[in-house]
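Worksheet for the structure shown next.
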Amino acid sequence: VSFFGYLVLTLVSYIVQTAQVLDHSSRNVFGCAYAVGIWPDFATGICGTHEDTTTPFAEARVLPLSFLGIALLCAPMAWLNLDDNVVLQWVAVIGLLMLGAMWLVF
Numbered sequence: 397v398s399f400f401g402y403l404v405l406t407l408v409s410y411i412v413q414t415a416q417v418l419d420h421s422s423r424n425v426f427g428c429a430y431a432v433g434i435w436p437d438f439a440t441g442i443c444g445t446h447e448d449t450t451t452p453f454a455e456a457r458v459l460p461l462s463f464l465g466i467a468l469l470c471a472p473m474a475w476l477n478l479d480d481n482v483v484l485q486w487v488a489v490i491g492l493l494m495l496g497a498m499w500l501v502f
């Protein structure tokens, strides 16, 4: 039970980190990271531009659109068996090898 809990918590932290990287990349490329406000302004569009915090949205409570992107990418694959998405697994392995090679070179 504790190992399963560990895996779930680790995967959640990976999702949050991926969303933060996408937010920062969006801010750097487009000048703004988009999100929907939760608090203090509920259901309002927010453009995060802060560079001195861990998130472009500073202290605002938001639902970043990067989470939607991650969900749209991951959810369909979660419904498939591992045998059905072998191509995606190969793409992930090649991407991991490329990132590892870039990390070693640079």
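My numbering applies: residue 397 is where the sequence shown begins, and numbers increase by one.
Beta carbons: idealized from backbone N, C-alpha and C, even for Gly.
Presumed contact (8 Å Cβ cut-off) between residue i and residue j, rounded CB distance
| i | j | result |
| --- | --- | --- |
| VAL432 | GLY441 | 7 Å |
Residue i versus residue j: straight-line alpha-carbon distance, rounded
| i | j | result |
| --- | --- | --- |
| MET494 | TRP435 | 39 Å |
| LEU515 | VAL397 | As shown, the chain starts at 397 and ends at 502. That puts residue 515 outside it, with no answer to give. |
| PHE453 | ILE411 | 17 Å |
| GLY401 | TRP475 | 21 Å |
Residue range of the alpha helix (DSSP H) that includes residue i
| i | result |
| --- | --- |
| VAL483 | 482-501 |
| PRO472 | 461-474 |
| ALA415 | 398-426 |
Whether residue i touches residue j by CB criterion (8 Å)
| i | j | result |
| --- | --- | --- |
| LEU524 | GLY465 | Any question about residue 524 goes unanswered here, given that the chain covers just 397 to 502. |
| LEU461 | MET473 | no |
| GLN416 | THR451 | yes |
Heavy atom of the ligand FMN within 7 Å of residue i beta-carbon
| i | result |
| --- | --- |
| ALA456 | As for the ligand FMN, it is missing from this structure, which has no ligand bound. |
Where the beta strand (DSSP E) containing residue i begins and where it ends
| i | result |
| --- | --- |
| ALA429 | 429-435 |
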